[in-house]
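All residue numbers for the sequence shown refer to the UniProt record's numbering, where the first residue is 1 and numbers rise by one.
By construction, the Cβ of each residue, glycine as well, lies at the ideal position given by its N, Cα and C atoms.
What you are looking at is a predicted structure, and each value in this text was computed from that prediction instead of being measured.
To keep things clear, I will list the structure first and then write my remarks on it.
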Amino acid sequence: MGRRFEISKPPRAKRWDVTVRDPESELEGYRADVANWSSTALQLRIGFDDTAPVIAVCRLATLFQKYRFGLGDPDMPAKVYWEEMTQPTMLNNSYEWSMDMPSTGYRRSMLWKPTRKVRIEGVEASTWGQHYKLGDKTSDAVLAIYTVTSTTGPVRGDLQINIDEGGDFEILVVLSLLAILESSRREGK
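As C-alpha cells, then:
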C-alpha cells in the first residue's frame, strides 16, 4: 500500500483539500486555492492555513492548450520549475505528463486514464463519478490511483500513490489530478 490522501471540495468553497491519511506523517496535507479568472487557476499550499506557503501553481488548459504546472514559489518566477500536461487526443479523457525522476535521473512519461477496473483496495467506491489511474506510459505500471468515494454533497475521493519518488513527484501527482478534477468541475462533467 502506498501513501494515501483524501481529496475533497467543500460545497461553495474555492479550494480543494488534500488530507494525508497516515497518522504518523508530519505533513497534514495540502490545500489548493481555486482562482476564477486568473492565469494561475490553482495554487497549492503546504498545509490548510491561509498563510501557508504556496509551493506549486497550475494553469488550466483552454482549448488546444496545455496544462502548466510550476513547482516553487510563484513570487520568485526565476526559481519556478515548469512541467506540462496534455491530452493526447480530444476523443478521450486521458492526460499525459512527464518529469525527471529523482531515483533514476531519467525522464518518465505518465498518463492519467479513466478507469472502472482499478480501485484502491479497501475503499468503497462510488458507482458514479470518474475514477483515474496514473500509469507509466511505457510499462503500464500503476503509479497512482484515484477512487471517487462520494458524488453527493462535497466531491470526495481517495488518492493512493504507489511509489515513493520524493516530494516533487508527490506534488505533481496531486496537482495534476486536481487540475483534471477542477477542469471537469468547471465543464460540468
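In this structure, the alpha-carbon of Leu159 lies about 13 Å from that of Leu172. In this structure, the alpha-carbon of Leu71 lies about 7 Å from that of Val57. Of the candidates Ala144, Ala141, Thr149, Asp50, Thr149 places its Cα closest to the Cα of Glu124. The shortest CA-to-CA distance from Ser184 to any of Gly135, Thr138, His131, Ala141 is the one to His131. Excluding its 5 nearest sequence neighbours in each direction, Glu28 has C-beta neighbours in its own chain below 8 Å: Thr19, Val20, Gly47, Phe48, listed in chain order. Here Glu24 is actually not in contact with Arg156; their C-beta atoms are around 23 Å apart, not less than 8 Å. The beta carbons of Tyr146 and Leu175 sit about 13 Å from each other, so the pair does not count as a contact at 8 Å. Bounds of the alpha helix (DSSP H) holding Ala179 are 167–187. Leaving aside the five residues that flank Arg119 on each side, the residues in its chain whose CB is nearer than 6 Å to its CB run, in chain order, Ala125, Thr147. Judged by DSSP in its simplified three-state form, Pro114 adopts strand. Look at Lys133 here: in three-state DSSP terms it is strand. Beta-bridge partners of Tyr81 (DSSP): Leu71. Here the alpha carbons of Val54 and Arg4 stand approximately 21 Å from one another. Burial state of Arg107 is exposed, judged by a 10 Å Cβ sphere holding fewer than 16 other Cβ atoms.
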